Amino acid sequence: MNWKAILRHETILAILVVLALVVLAAQSDRFFTPENLLNQGRLMTEVGLVAIIMTFVIATGGIDLSVGSILGLVAILIGVFWQNLGLPLEAAIGLGLVVGTLAGLFNGFIITRFGVPPLIATLATLALYRGLAEGISEARSVRGYPDWFYVLGQGQVLGVPTQLWILGLVAILAAIVLGLTSWGRATYAIGSNETAARFSGIRVDRVKMAIYAASGFAASLAAVIFVSRVSTTRSDMGTGLELDAITAVVLGGTSIFGGRGTIIGTVLGLIMVQALKNGLSLAGVRGDGTIVLIGAVLILTILISNLFHRDGNR
Amino acid sequence: QQVYTGGDDLPTNPLACDGTPGTATPMDYDGGTPTNAPDRAGQTLTVVDVPKLVGIGYFAATTQGIMEAAAELNMNATTDGPTRANIDDQITLIDNYITSGVDGILFAANDPVAIAPVLRRALEAGINVVGYDANSEPDARQWFVNQAEFNGIGKAMIDQLAAEIGEDGAFAIVTSTFTTPNQARWISEMAAYQAECYPNMRWLETVEAQEDNILSFNQANTLINKYGDELDGIAGMTSVATPAAADAVTQAGQCGNIAVVGLATPNAMRPYIEADCVKSAVLWNPIDLGYAAAYVLRAAADGTLNPGDTSVEAGRLGELQVINGSEVLLGAPFVFTADNIADFDF
Amino acid sequence: MTAEAQTLGRREQSWFGRLFAGYGQEIIILGAILLLFVVVWSINPRFISPNNLNTIFSGNAYIAVAAIGMSMVIITGNIDVSVGALIGVLATIAGTIAVSGYPVWVAWTAPILIGIAVNFLVGVLVAYARIPSIVVTLGMLSILRGGLISVTGGAWISNLPPEFLLAQQRPLGIPAPIYFMVGLTILAAFWMRYSAFGRSIYAVGGNPEAARAAGIPIERRIVQVFMIHGAFAGLATILFATQLQVIQSTVPPNLELTVITASVIGGVSILGGSGTVIGSTLAAILFAAIGSALIFVGISAYWLRAVIGLLILATVLADMARRRQAK
Amino acid sequence: MGGCRARFGALPGERRARSPTRQACLHDEEQGVTPGGRDAASPLIRLKGVSKAFAGIRVVKDVDFDVRPGEVHALMGENGAGKSTLIKIIAGVHPHDGGTIEIGGEPVSHLTPREARRRGVAVVYQELLLFPELTVAENVFLGHAPRTGWRGLDWPEMRRRTRALLDSLDSPDLDVDTKVGALSVANRQRVEIAKALSQDARVLIMDEPTAALAEADVVRLMAVVKRLRERGVGIIYVSHRLPEIFELADRVTVLRDGALIGTRPIGEVTAQSLVAMMVGREIDHLYPKSEIAPGETLLEVRNLSHGRKVRDISFALRRGEILGVAGLVGSGRTELALTLFGITPASSGEILVSGKPVRIGSPRDARAHGIAYVPEDRGLQGLVKPMTIAQNVSMASLERVRRGIMMRFAEETRRAAAAIKAIGIRARGPGQVVGQLSGGNQQKVVLAKWLETAPQILIMDEPTRGIDVGAKAEIHQLMTKLAGEGMGIIMISSELPEVLGMSDRVLVINNGQLVRTLERGEATAESVGAAMADARREEAA
Ligand SMILES: Nc1ncnc2c1ncn2[C@@H]1O[C@H](COP(=O)(O)OP(=O)(O)OP(=O)(O)O)[C@@H](O)[C@H]1O
Ligand SMILES: Nc1ncnc2c1ncn2[C@@H]1O[C@H](COP(=O)(O)OP(=O)(O)OP(=O)(O)O)[C@@H](O)[C@H]1O
Ligand SMILES: [Mg+2]
Ligand SMILES: [Mg+2]
């Protein structure tokens, strides 16, 4: 094992995360308590779900800016299906997940079928899906869901917030798929050289469509959890989510040019951001100061990582 | 074409046209209570103020009022809000402050329902919770300081418009977004009151302009261009939209032809009022609002304001009335005109 | 010329063909704008009244100016998602200077200089530290947005001296922002076509390795382009901050995405190496025209954003179809 | 100055009268030198003890090298010998680690591409360093465009001079306003050459300029090179094609594993001795073709069409046969391969594999029917360069190295190691990143990838482009072996000797159509060339 493998980005990030946790714990004795940490897990689930699938998207050299809008659209649709169409809530959720996945699939479709660069395609659907959410909802929010529904966003299972189980499950599945299966291999191959992947008989378009659909699904799942957590739907839900998710992914070492990235890295990136938000707040730093620090940490982490990889081929 | 007249389905309650105060039906206290709150009477309180967002003039003014009161009341207050009017960021922030163990939370909700669970958690943790400006579900906080009742704003706005454009004038509205609860309620009440009291007034259009001053300016301009002489007045529903609309009217050379009324702070409106392009602006004093909120929080923490009370003492503001069970009313909306605007600086 | 060449005959493009090949996307957008004007005009003739044209053309002038710099950055193969926050910071600085009694030209030049300085830092991190630009500017977005609020506490700036309000001037009855937008666009377009430096931007974005081999100092060029972008952000700030008599310390939400959208809809390839600033300016005008048209046509504002999204999608797909045809 | 032009025939692309004509007649004072002179002139470039290491691995070791005015100095060596690296050192692209470089007699310590250009060094890079989004004219003049009176770029002049340059390269059909991204590899190569010529350089370096060119273009290029030599330009010429070397070169320098083996006047070497210097051993025959008796029909194509480049083509491929496909660049050979392979599925016509009609709509379909394709553009279509050899080798046969959907990494590595051994890829191991390999070894990786799918039909597009003699012979041997094992091979090549040497039958494609099919016996340089040229006239008509 050579020193470069040891000093991969993820290792550096892990060291930084531990460092941050130690420093933050020293700042406030309320930080490193199981209760607080689990609660933070609850708060980061929506971004986390989206970021984990975004890792795949970015690893193929793409990007999905429409996730926040899909979240908003699905949230609205669940409300509308349930309240205005009178469907049972379970069916409304199911249908919402289907529509969200289709929204992601549509992204994949215009990207693969028409060759529109992902950034542009999803920039357009960012506006489109948000607009649909606003139009469909006519600015009305839907409230008063049955109690069982809140278990998802506000309840616990075995002392751990319900959604954290989901996040954990999705993270583990995603890590396996990306790291250990032939689908993961295809993802990396497409991100490194799409043409060569196509010439090797990899079904590039299909893989990409599946990944964008999965991204839509993740955003929809996040929508369900979000609605359950805040007990209401609004058409502006999830605004700006895409940038938070992308921050976590690139902080985790996924190359924005594609071909490189891991789920572990993304999870570490998520933990880093959430720990900073929470720990700094507990240490008495205000929200705007925290944002400044997160920005600086993002740049510095990648900078440090780059220093170690100076002559590697990153 | 469908004219937007407030987005929600909640019932409206227009005031009488001649101004006879509505008969307030007394209500039982419907707020929440902190569980096992320690005795905080006379203690130094650590309080956090979480407005809808930071970075806009309005909430800078409420903060100012809170700080003023905090100095009088032995409170350490900090303001910390999201940088975007975003329900999730606001919830996360409050959550962190619950963990850090504050004594009291002041909030202005981005969404009444979304914020409720976290506020309930605060109450459970024995924290005193008081809202201002934008309410949450009643049981998720103890008290809410209401700057002006929705129907009061609706009446003041429409009355001002009628006075300037006549009872058969035509007007349009520039608001932030249709999803903003306060604006939606105000617009609903305006529509109800106008239908009741000035049935001949014409409501042309409502446009969205977010909290974006250039967009507000453009939207107001477009309204002027679209309706030409037909347009007699523009109502601005936010402290961003109103001055922008006034600027649009000024730059279009339509001062005197198109009236601008709306919610706005006096500093922002001063140039237009002094130039006699705008006659009036409607608002409560946001500094007073913050000030009152801090006093209510102190009183709730000290146990001097309890469910069932009908008024509360608020420093330089004197006695404030309790309405609707668990709301403290700041007073009637205030109308700034050329005569009094020089007296205010916020 | 050899005899063979003459017998074979050339497949040279005509003057018009070259124009179309070089400016395809720009022509599509121009067509879209004209179509919109004709359709809305037929519904409500006031749409093309001089006043409304002024509103449309000046309404997004600051976005168009910011998009000029953004286009250059994108042409080098980079991106900047922090420009909105930067404009907010610069506006506050300009306003603070203006009300502190300095001469107005100081208040006007400061945002340009500070824009250059901030983006110099961004450029160095991108070019020399080799951090992808989206990462640097994502971080910068946080830093600027949070920093602005930390410093101002959200206070507004009012009582601006009247002479500061450049964007409210109307020489010859035309709003000043239109002069800025048109003038800067033409200047930038010329410069990018006819100067060696301007062309080298395309080279850097089109094929960095080849650009290096051609003797273009890539790192320095990227830093320079970011600095130019900063200067345009400063110019955009002046238009943004002097339009009204108060300056807010927030900027329109998602301003950076609007600026990027204007660039890419205007035909700047997100992959770098191609595009012009004429397209981005036309796109900014198109957005303003759509916003205005929706009011004139009376489309329920609930559906406004959906319509904009659809239009963007349509433009993008039309562009793709055109490119396909060209092949 | 007029004399200078008259005497050597002005090349187009020279600066206009308004701009200084310094460089056009730069070599006036050197005209005492006999063109092609060996000893007289002082070298334009001299390297002494130059070394270069990448990540600690030395790829150029202590090399002495020089170029004199008016000579063509050929640089030879196997793939990965360090030729391109040496060239990039001279061009300032790679900083060197040790030794000294003198240009025009002056030592230069810190050489950058800009500095090298300024000192009159122009380079045609092996990997075609062009700007796909810019036009031909702009690519040619990027960095030294003609200027107008007010220092702006003079576009009309730029286009005019590009036109003239392309005409001199006999490329009249190449439009100066097309984007380079839309051009074929061969046309890009022409643009790259025009670009180097436009610089009026004192030293012209050409790294495998003919790799992508067809025979006729090669002839034209050689004429241009000769003209430049007469004008006193010093030329460094890299090619794996021995005939070109013997026709052009005045001196030859051979590198092996980064070390200098020797520099010889061309008269003192033979093909055999050169090859021996390069590979360090003798190579018996270049085209190790064994006679075979073709078996049953593997592939039959009937009236296949796609677009304008594949028109109504019918042929059959038999087991054990190597079917050569000849044709001019742009005649549609690659398009035929892409259609057979499912990248651009056929719009009409029939494909029969082992007698059964099949539909090939994607590379996956092709693979399912035992068809493999080694593409012409290795870097773009063949390899995922940042990935390892093992990952590349398994890329087309992932189902062999997985259980369910889970990858079996150990199995993958094992298979790759086996392939490295079987095909003779020179690499550190299956874990080495493919981008670090030399061209020939990269090509072998692509081949290994497709052999993993156990194909029956192997389509090879320019299988030995840019590959050294040693590796070339190895690949040819491999082809013979595979054919011997019963595979049917379709070999597309622009190198006529290769087509003639390796094929059992030769198809000649012209303008998207199959114009002739020649048996091994009747296929000669003349007959095939005539069929190709015939095509040309038809096209022109
Ligand atoms: N940028 C690089 N980083 C690491 N190794 C490199 C790099 N460029 C070249 N090499 C290595 O240097 C050696 C020499 O490569 P070079 O390209 O000079 O060979 P070449 O003689 O031009 O071969 P070919 O005939 O295939 O073009 C090879 O082993 C190659 O793997
Ligand atoms: N045609 C071109 N296309 C792209 N880039 C060019 C072109 N010509 C020059 N450049 C690059 O543009 C930069 C600025 O061009 P400028 O006109 O200043 O070059 P110059 O005439 O060589 O002047 P100087 O040597 O003083 O820099 C140079 O760094 C050069 O590398
Ligand atoms: Mg080479
Ligand atoms: Mg070919």
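Chains as they are written, first to last, in our numbering: chain A, 1 to 314; chain B, 1001 to 1346; chain C, 2001 to 2327; chain D, 3001 to 3541. Using N, Cα and C, we set each Cβ at its ideal position, and we do this for glycine too. For clarity, every value in this text was computed on a predicted model and none was experimentally measured.
Reduced DSSP secondary structure (H/G/I, E/B, other) of residue i
| i | result |
| --- | --- |
| R3147/D | strand |
| G131/A | helix |
| K3385/D | coil |
| W183/A | helix |
| L49/A | helix |
| F1346/B | coil |
| M1237/B | coil |
| D1203/B | First, the amino acid is wrong: residue 1203/B is Trp here, not Asp. W1203/B falls in the strand class under three-state DSSP. |
CB-CB length for residue i against residue j, believed under 8 Å
| i | j | result |
| --- | --- | --- |
| V3389/D | I3420/D | As written in the sequence, residue 3389/D is Ile, which differs from the Val given in the question. That belief holds up - the Cβ atoms of I3389/D and I3420/D are roughly 7 Å apart, short of 8 Å. |
| W1143/B | V1328/B | 6 Å |
| G3163/D | V3180/D | Note that residue 3163/D is Arg in the sequence shown, not Gly. Not really, about 15 Å apart at Cβ, beyond 8 Å. |
| A2236/C | A2066/C | 4 Å |
| M2072/C | V2225/C | 5 Å |
| E3321/D | D3504/D | 5 Å |
Min CB distance residue i to chain D below 8 Å
| i | result |
| --- | --- |
| G2215/C | yes |
| H9/A | no |
| T181/A | yes |
| G253/A | no |
is_contact[residue i, chain C] using C-beta, thresh 8 Å
| i | result |
| --- | --- |
| K1226/B | yes |
| V3136/D | no |
| E134/A | yes |
| Q3023/D | With a pLDDT of 39 at Q3023/D, under the threshold of 50, the modelled position of that residue is not reliable, and no figure is offered here. |
| G312/A | Summary for G312/A: the model assigns pLDDT 38, below 50, so the residue's position carries little reliability, and this model does not support an answer. |
Short CB-CB distance (under 8 Å) between residue i and chain A
| i | result |
| --- | --- |
| V1249/B | no |
| G1081/B | yes |
| R1185/B | no |
Residues that residue i bridges to, as DSSP identifies them
| i | result |
| --- | --- |
| E3157/D | Paired residue(s): none; E3157/D is not in a bridge. |
| A3122/D | L3204/D |
| A3216/D | Its beta-bridge partners do not exist; DSSP assigns none. |
| D3066/D | R3046/D |
| L95/A | Looking at the DSSP assignment, L95/A forms no beta bridge with any residue, so it has no partner. |
Any C-beta of chain B under 8 Å from that of residue i
| i | result |
| --- | --- |
| A2288/C | yes |
| I2295/C | yes |
Members of the stretch 160-175 of chain A near chain D, C-beta cut-off 7 Å: From the stretch 160-175 of chain A, no residue has a Cβ closer than 7 Å to chain D.
Near-chain D residues of the stretch 2187-2199 of chain C - C-beta to any C-beta below 7 Å: Of all residues in the stretch 2187-2199 of chain C, Y2194, S2195, A2196 and R2199 have a Cβ within less than 7 Å of some Cβ in chain D.
Within 7 Å of chain A by C-beta, residues of the stretch 1102-1117 of chain B in sequence order: Against chain A - using a Cβ distance shorter than 7 Å - the residues of the stretch 1102-1117 of chain B are D1111, V1113, A1114, A1116 and P1117.
Near-chain B residues of the stretch 285-308 of chain A - C-beta to any C-beta below 8 Å: Result list: R286, G287, D288 and I291.
Contact set between the stretch 3328-3341 of chain D and chain C, restricted to residues whose Cβ is under 7 Å from the partner: Correct list: empty, as no residue qualifies.
Under 8 Å (Cβ pairs) to chain D, residues found in the stretch 191-202 of chain A: Answer set for the stretch 191-202 of chain A: S192, N193, T195, A196, A197, R198, F199, S200, G201 and I202.
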